[in-house]
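Add 35 to a position in the sequence shown, counting from 1, and you land on the number used in my numbering. Idealized CB from N, CA, C, for every residue including glycine. Heads up, the thing below is written out as structure tokens.
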Amino acid sequence: METEIIIIDDHKIFGEGFCSLLENNNFRVKRVFQSPKKALNFLKDNVIEIVFCDINMPEINGIDLIKKIKKTNSECKVIMISMYTEKNIIKKALENNADGYLTKNCSIKDIKTAISNSYSTEKKFISKTLDNNNNNNNNDHDSFTLKYKLTKREREIISHILEEKSNSDIGELLQISKRTVETHRKNIMLKLDVKNSIGIAVKALKFDLV
36 METEIIIIDD HKIFGEGFCS LLENNNFRVK RVFQSPKKAL NFLKDNVIEI VFCDINMPEI
96 NGIDLIKKIK KTNSECKVIM ISMYTEKNII KKALENNADG YLTKNCSIKD IKTAISNSYS
156 TEKKFISKTL DNNNNNNNND HDSFTLKYKL TKREREIISH ILEEKSNSDI GELLQISKRT
216 VETHRKNIML KLDVKNSIGI AVKALKFDLV
């Protein structure tokens, strides 16, 4: 029987991109929620084994959400997935019964280990800190740019797309027209061989850019 998973993250692009990444690696994602409250209502009526949950969200923050999920279903495993790498935040999550802690630039290997370890009471998986990432970011960006033959402007636009900015917002930030942004977006999707912003996010996840 397949493990039933849901994702709770208020950023639609990340949530859908993370869902695609899991499904491409043979995991079954039941639902993706942007609203923690809607997710809680869903959990009351559905048996879910694994919940991937962000920390910084409106309505209910991820730490408080762990308690509510565990109250609804004590057997449900809650793995945090966040950009926060501060030790005090990780400690607080684990103290509140998180079953693992991943950073949003984790690898699929880390995800699989976190799921496996979530069933162990002795060894909860925690992503390695990103202390070395600042040194590696340029290399990651370069490999991504080189692989897909992206221009500097296209890389800038991808960064803004991942922040869920509209074409108009990106145009204002980069001081170019909305139509120019639309053209860049089409070229980016063509180069990455994807059909929408979710596809862009999936490719970015693979290169640890989210």
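Specify the secondary structure class of residue i as computed by DSSP and reduced to three states.
i: L185; result: coil
i: N172; result: Because the pLDDT at N172 is just 46, under 50, the model does not fix this residue reliably, and the point stays unresolved.
i: T148; result: helix
i: K241; result: helix
i: S232; result: helix
i: T180; result: helix
i: K200; result: coil
i: E51; result: helix
i: E58; result: helix
i: T297; result: Residue 297 lies beyond the residue range present for the chain, which begins at 36 and ends at 245; the question has no answer from this structure.
i: I101; result: helix
Buried or exposed: which applies to residue i, given that a residue is buried once 16 or more other Cβ atoms fall within 10 Å of its Cβ?
i: Y136; result: buried
i: N169; result: At N169, the pLDDT of 40 sits below 50, so the modelled position is not reliable and the matter cannot be decided from this model.
i: D80; result: exposed
i: D228; result: exposed
i: M118; result: exposed
i: E84; result: buried
i: K238; result: buried
i: L100; result: buried
i: L185; result: buried
i: K112; result: buried
i: N173; result: No answer about N173 holds up, because its pLDDT of 46 lies below 50 and its placement is not dependable.
i: D225; result: Checking the displayed sequence, the identity of residue 225 turns out to be Leu instead of Asp. Exposed is the call here.
i: S109; result: exposed
i: S153; result: buried
Sort out for me which residues DSSP pairs residue i with in a bridge.
i: G135; result: I114 and F160
i: C88; result: I43 and M115
i: F68; result: I43
i: R63; result: E39
Taking only beta-carbon atoms, is residue i less than 8 angstroms away from chain B?
i: K147; result: Reference to chain B is not applicable here, since this structure consists of a single protein chain.
Meets three-Cβ-pair contact criterion under 8 angstroms: the region 42-54 and the region 223-233: yes
Three-pair Cβ contact test at 8 angstroms for the region 177-184 versus the region 206-221: no
At least three beta-carbon pairs within less than 8 angstroms, the region 93-100 to the region 54-63: no
Every unbroken alpha helix (DSSP H) inside the region 205-229 [4 residues or more]: 213-227
Cβ contact check for the region 108-124 and the region 136-149: 3 or more pairs under 8 angstroms: yes
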